[in-house]
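In what follows, a single structure is set out as structure tokens and then discussed.
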Amino acid sequence: MSSIELGQDTRPSEPHGEAPVVRTPAGDVRGIMLGDSNAAYLGIPFAEAPVGDLRFAAPVKRAPWEGVRDAVAYGATPLRDYMMGVTLIPEPSYPGDDTLLVNVFTPKPGDTTAKLPVFVWIHGGGFMSGSPSSPWYEGGAFPRDGVVVVSVSYRLGVDGFGRLECAPDNRAVLDWLMALEWVQESITAFGGDPDQVTIGGQSAGGTAVLTLLSMPKAQHLFRAVIAESPGAFASDPATAAARSAAFAKRLGIAPTRAAFAALEEKAVFTEQAKLSDEELGPQMMKSLTRQGTGLSGWAPFVDGDLLPYGLDEALERGIGADKALLIGATAGEFEMASTMMPAALDWLPRRLALRLAGFSGARGRIYGAATVGKPRLLFGKIMTDFVFRFFVADTLAARAKKEEAGTFAYDFRFTSAENGLAGHCIELPFAWDCLDSENVLANTGANPPQDLADTTHAAWVAFIRDGDPGWAAYDTKGRQGMVFDRTSRAGAVFARESELSAAMSA
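Counting in the UniProt record's numbering, the sequence shown runs from 1 upward without gaps.
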């Protein structure tokens, strides 16, 4: 009998007793009840532990086990405690080797006839951090409303995305694929319908699901996509190889699978975290001027096989056009960066501030005329636009040319009472309807409106269930979408970004 050692720190919040034993193709699992309509099955392995000979290898499907496996506590996470910094949402880190896991939350455990829609969630964290075991994802609002939730772990940083000699490319992407294959094989046992799978994610998770949308080899594994605050992605293999080689040199080793595998995990991850801290400013500046691929140096890259195309080319070819897409961003994604900058920057003339951010000549005049605010706020707006909102606007425009299923846009504009911003991650507790969860008020401020959570969450449920959130599909003429705010309304969205992005690219 296989089991996970229980500990108070790995328990989900407020357990209400034992859930029924569920029989999966790999073996039986015992869960825990988190409420009358929310049975949780935690830390179920979909692949063998990526250690020893399997480190920096493609994931290997988990071998069946005998007896009943306890799935009543969270399992090990690829995120380690020595990788963690300040995060906007709770992201627990649990030790252990068995890190390629799924967590399942269902209202119909063991009911193979229920055929409920399924929401597979890929967490964010810049592909460097993040956790599938956040209390925000376990609250039960989706199961309460008839949706089975599966949260997925995957390898982070160089383990998942480094390009190394004798190692398969895009190992984290292979992890996503294997987790989705597990869903296809196993979710019926949890009351889910493998033909009604929606994949979703936020930030890097939003980028992850767009990566899957662009992949020919992934198309049979899901029917719809929710991309919240995705950023640009998919560098070329030469850039990925150069970055990996530079990191290997920093560690004093060759950029090979064998050399990396010979080092202790902690040594690699600790140095990786130091490099990330050093690169944050330069990465931001590259993103501002569209020379980079986002704020993370480790990310999916076009490899000619698993990822044959970047998103732009995949959309042009019509790949994923038959999948409904819900996509959007918050109004002030990275405007919080303004609060971290020296106040003395506000004394700079705007033209000089734009030049420091990489904008000169016509580009500086165009962007400066379309953006208001003092220099510190200007820098935050630049990051918000170029990393997130221009990317969403460009994706909407590209989808409109080839789509067969609907594309639905949203613009989340509710501002926090804490800082006055509609910042990164602020939509999550509303979409998950978990306003009473841990650390939510630090993001939303005091007294977040429950009616906004009701509206946002209902739209997500409707999209997962029907492929339609309840408002008009986006097109390049009317640019219709939903503005989520204290008073939500349908209307034009991303019009400024669409026009400004086109002008800046001309």
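Cβ coordinates follow ideal geometry from the N, Cα and C atoms, glycine included.
- Contact holds between the stretch 184 to 203 and the stretch 21 to 35, because three or more Cβ pairs, one in each stretch, are under 8 Å apart.
- Your pair G320 and Q219 checks out as a contact, with CB atoms roughly 7 Å apart and the cut at 8 Å.
- According to the DSSP assignment, Q202 belongs to the beta strand (DSSP E) that extends over 192 to 202.
- Counting along the chain, D454 sits inside the alpha helix (DSSP H) bounded by residues 450 to 466.
- Taken in chain order, the complete alpha helix (DSSP H) segments of 4 or more residues contained in the stretch 280 to 366 are 311 to 316, 350 to 356.
- For R23, the enclosing beta strand (DSSP E) covers residues 18 to 24.
- Scanning the stretch 127 to 193 for uninterrupted alpha helix (DSSP H) segments of 4 residues or longer gives 141 to 144, 157 to 161, 171 to 186, listed from N- to C-terminal end.
- Shown here for V483: same chain residues with a beta carbon closer than 7 Å to its own, the five before and five after excluded, namely D411, R413, R489, G491, V493 in chain order.
- Counting C-beta pairs with one atom in each stretch, the stretch 31 to 42 and the stretch 138 to 148 have three or more that are closer than 8 Å, which means they touch.
- CA-CA distance, S131 to T106, rounds to 20 Å.
- If you ignore the 5 residues before and after L421, its C-beta comes within less than 7 Å of the C-beta of G332, E335, M336, T415, all in its own chain and listed in chain order.
- Between V152 and P117, the beta carbon gap of about 17 Å keeps them out of contact (Cβ cut-off 8 Å).
- A residue is called buried when at least 16 other Cβ atoms come within 10 angstroms of its Cβ; R365 does not meet this threshold and is exposed.
- When the beta-carbon positions are compared, K381 and D346 stay at least 8 Å from each other.
- Minimum Cα-Cα distance from R69 among the listed residues S338, L325, G27, A362 corresponds to G27.
- The C-alpha of G67 lies about 30 Å from the C-alpha of R80.
- Inter-segment contact for the stretch 237 to 245 and the stretch 192 to 212 is absent: fewer than three beta-carbon pairs are separated by less than 8 Å.
- Judged by beta-carbon spacing, F430 lies beyond the 8 Å limit of A299, meaning their Cβ atoms are not closer than that value.
- Cβ-Cβ separation between R144 and R155: approximately 32 Å, too far for a contact (criterion under 8 Å).
- Restricting attention to A273, L311, P59, P50, the CA atom closest to the CA of G297 is found in A273.
- Counting C-beta atoms within 10 angstroms of its own C-beta, N447 has fewer than 16 neighbours from the protein chains shown and is therefore classed as exposed.
- For E228, the uninterrupted beta strand (DSSP E) segment begins and ends at 224 to 228.
- Separation of the CB atoms of L221 and L275 is rounded to 33 Å, and the pair is thereby denied contact status at 8 Å.
- Nearest to R257 by C-alpha distance, out of A114, C166, T270, is C166.
- Under the three-state reduction of DSSP output, P90 falls in the coil class, being neither helix nor strand.
- The alpha-carbon separation between G52 and W65 amounts to approximately 20 Å.
- Straight through space, the alpha carbons of D169 and D303 are spaced by roughly 7 Å.
- DSSP lists no bridge partner for S505.
- In the structure shown, Y82 adopts helical secondary structure according to DSSP, grouped into three states.
- When DSSP reads this structure, G206 sits in no beta bridge, so it has no partner.
- Here R250 is exposed, its C-beta having fewer than 16 other C-beta atoms within 10 Å.
- According to the DSSP secondary-structure assignment, T106 is paired through a beta bridge with A39.
- About 18 Å separates the beta carbons of F379 and A232, which is beyond the 8 Å limit, so they are not a contact pair.
- Cα atoms of L101 and T87: separation of roughly 22 Å, rounded to the nearest angstrom.
- Secondary structure note for L116: it is in no alpha helix (DSSP H), and the uninterrupted beta strand (DSSP E) holding it is 116 to 122.
- Judged by DSSP in its simplified three-state form, V72 adopts coil rather than helix or strand.
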